[in-house]
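Written below as structure tokens is the structure these notes are about.
In the numbering used here, the protein residues as written are 2 to 197.
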């Protein structure tokens, strides 16, 4: 009988150890899955942040472009400056005409001033067009760099494209395409960017 009790105890211990190992083994994959799921969630969140970051960079580039265009428009010797100078000089000669002094000479001087300022406006247009063409070229270069960085990030996070990130990814790709198109169609002659 002792041997029977001893055999039963050995069997119970063996079964208990077996069950304990099974429970331990069952817990490990579950914990591992939880860790992997948490890592995946963090990576998906990071991917979403990268997409938003690159879209914001595009917005910043266009904002800088608009500020630079405004700076060109308002820099020294602008059309507004030329208009003020022309109006001042014409006013001086017009005052003489109104007083009846040197009427013919004043009319001739006004015509010369108008012709001179027409040429100055044309020169200013050419100067602004040259500077704005350079700005547009710089914008296009920076957008291309940003697009390449975005493609790199897309490759890095390729394993995290899912139903949550795919729409964001497609939207970002369309955003880049529209931005590049906007930069190519920037009307530097009139200093306005084509409608988005």
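All C-beta atoms in this analysis are idealised placements derived from N, C-alpha and C, irrespective of residue type, glycine included. Since we're looking at a predicted model, the values are computed, not measured.
Within its own chain, the residues whose Cβ lies closer than 8 Å to the Cβ of residue 155, once the five positions on either side in sequence are excluded, are 170, listed in chain order.
The beta carbon of residue 80 sits closer than 7 Å to the beta carbons of 122 and 125 from its chain, once the five residues preceding and following it are set aside; these are given in chain order.
Per DSSP, residue 93 is one residue of the alpha helix (DSSP H) stretching across 80 to 100. Here residue 142 has no same chain residue with a Cβ atom under 7 Å from its own Cβ, once five neighbours each way along the sequence are excluded. In the displayed model, residue 119 falls within a helix according to three-state DSSP. Taken atom to atom, the span from the alpha-carbon of residue 107 to that of residue 113 is near 10 Å. The DSSP-derived three-state label of residue 163 is coil. Residue 65 is positioned such that its CB atom lies no closer than 8 Å to that of residue 173.
Pairing residue 53 with residue 59, the inter-Cα distance amounts to about 10 Å.
Under the Cβ criterion (8 Å, minimum of three pairs), the segment 145 to 161 does not count as touching the segment 71 to 79. It is roughly 48 Å from the alpha-carbon of residue 149 to the alpha-carbon of residue 86. Taking a C-beta distance under 8 Å as the contact criterion, residue 187 and residue 137 qualify as a contact pair. The Cβ-Cβ distance between residue 147 and residue 45 does not fall below 8 Å.
DSSP, read as helix, strand or coil, puts residue 186 in coil.
Taking 8 Å as the cut-off, the Cβ atoms of residue 144 and residue 110 do not count as close. Counting the other CB atoms within 10 Å of its CB gives residue 129 a total of 16 or more, which places it among the buried residues.
When 162, 161, 140 and 160 are compared, the shortest CA-CA separation from residue 177 is found for 140.
Cα atoms of residue 69 and residue 63: separation of roughly 10 Å, rounded to the nearest angstrom.
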